[in-house]
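2 protein chains.
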Amino acid sequence: MLRRTKKERQRLLSETIADNPFVTDEQLATQFQVSVQTIRLDRMELAIPELRERIKDVASKTYENEVKSLPIDEIIGEIIDIELDNRALSIFDVKEEHVFQRNGIARGHHLFAQANSLAVAVIDDELALTVHSNISFVKPVRAGDRVITKAIVIGRDEKSHRTKVELTSTVNGETVFVGEFDMYRTKGKGEQQ
Amino acid sequence: MLRRTKKERQRLLSETIADNPFVTDEQLATQFQVSVQTIRLDRMELAIPELRERIKDVASKTYENEVKSLPIDEIIGEIIDIELDNRALSIFDVKEEHVFQRNGIARGHHLFAQANSLAVAVIDDELALTVHSNISFVKPVRAGDRVITKAIVIGRDEKSHRTKVELTSTVNGETVFVGEFDMYRTKGKGEQQ
DNA sequence: CTGATATTAGTACCAAGTGCTAATAACAAC
DNA sequence: GTTGTTATTAGCACTTGGTACTAATATCAG
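So the protein lines, in turn, are chains D and Y. Numbering follows the numbering used here, in which position 123 of the first sequence is assigned residue number 123; successive positions increment by one, without gaps. Numbering follows the numbering used here, in which position 147 of the second sequence is assigned residue number 147; successive positions increment by one, without gaps.
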């Protein structure tokens, strides 16, 4: 018989390629001590695609699943109305890249990012930082939803430089997210340039 | 002048390829209405490798990541240790794009995103959603900082399908962020396949 | 108008294949 | 031994998406 039976070689071949899809037919031929042609016949029988197709498959799979991290922009969502130190409104359209593939529900941090950005924006100061926040994800948000977030400044303490902002996000009038944000600002009232 | 300046075209070319590394020179040539040769000169000047190399890069990056069975694809920051339903650790390197230009301090939502991703990952379930969270930004984080975030599962209620996770982020041993996350999961104990 | 820069064209070549035909090899059955 | 069958190897043309290189042409700026 042969070095190994054809069956045995093909079994190992499948394994080897599954283990490392980056191997060429030539490397496989050397490894199994057969000709490149034999490896190709084997791949055909086993319906294993060529190296480049295998690599492309690996790449596209991971590419589809790759998380598009939060955008770099100052604001997440588009601010459509603002009244400094009082109230603000922004819109954020949820797209496919913002949701879990598994269940199509938006990742919490995108909703948080919209709220947080708006909380920062509504503060009339050069420097505004989120110090503390208490948030609730009330209802799942899905791709295609248009999230409207409203920020209302509800309190301000000059001594501690803190401002409290209430955030509410809705989709079609239904509340999906609420949060209370404690913001720190550098300047007190009247100190502004 | 030209359709667009060379500079502008090259800027868009970089963007296009970064956005979709699977594009061929020919497709790019059509898109930018120039010859394939021009695209190749552009790629050379910009040191952008050819299609196959780009695809191989994408594929090998994810392939080298041994933790491929974990839901690593849904994470912001890199998970370096995980013990499902118990604890997890991730690293996130803060870059220029994560901070306010004004003051160089990291935007809160990036820290939240890392914590939130980790809270979702530590839950051993198909579906885990953040329901509520109470967070504090203890100390400003800056570009160049390496944020190490630790998630510890501190409680679980089977009836309400809730799991409480405590998150702590540190930079050089100093706490910069703490949070308590209430997570919702579909399956109770023992229901897992 | 002259140079410099940008663009296009064309050629040879490469890797890692596919698709095809044809020649051997190996082994079993008669 | 001869025949049949399956397995293996060889060789050639062709494909994709390039590289490397040379040469011609276009475009613009001073």
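Just so it is clear, CB atoms sit at the ideal spot from N, CA and C, and this is done for glycine as well. Values in this document were obtained by computation on a predicted structure and should not be read as measured data.
Contact check between the region 92 to 112 of chain Y and the region 128 to 144 of chain Y: three or more CB pairs, one atom from each, fall below 8 Å, which counts as touching. Interface annotation, Gly108 of chain Y: in contact with chain D, CB-CB separation under 8 Å. Scanning its chain for C-beta atoms nearer than 7 Å, with the 5 sequence neighbours on each side dropped, one finds around Val58 of chain D the residues Pro21, in chain order.
Taking 8 Å as the cut-off between beta carbons, the residues of the region 133 to 167 of chain D near chain Y are Ser133, Asn134, Ile135, Ser136, Phe137, Pro140, in sequence order. The beta carbon of Glu126 of chain D falls within 8 Å of a beta carbon belonging to chain Y, placing the residue at that interface. Contact with chain D is found for Ser117 of chain Y, since one of that chain's Cβ atoms lies less than 8 Å from the residue's Cβ. Assigned with DSSP and collapsed to three states, Leu13 of chain D falls in helix. Distance from the Cα of Phe32 of chain D is smallest, within the candidate group D:Arg9, D:Ser14, D:Val23, for D:Arg9. Listed along the chain, the chain Y residues whose CB falls inside 7 Å of the CB of Phe92 of chain D amount to none; the nearest CB is some 12 Å away.
Contact between the region 91 to 100 of chain Y and the region 153 to 161 of chain Y is not established, with fewer than three Cβ pairs separated by less than 8 Å. Ile152 of chain Y: member of the beta strand (DSSP E) spanning 146 to 157, first to last residue. Taking one beta carbon from each stretch, the region 118 to 136 of chain D and the region 174 to 182 of chain D have 3 or more pairs nearer than 8 Å; the two touch. Rounded to the nearest angstrom, the Cβ distance from Leu46 of chain D to Ser14 of chain D is 6 Å, consistent with a contact under 8 Å. One alpha carbon belongs to Met44 of chain Y, the other to Glu53 of chain D, and they sit about 25 Å apart. Contact check for Glu50 of chain D against Val36 of chain D fails: the beta carbons are separated by 8 Å or more.
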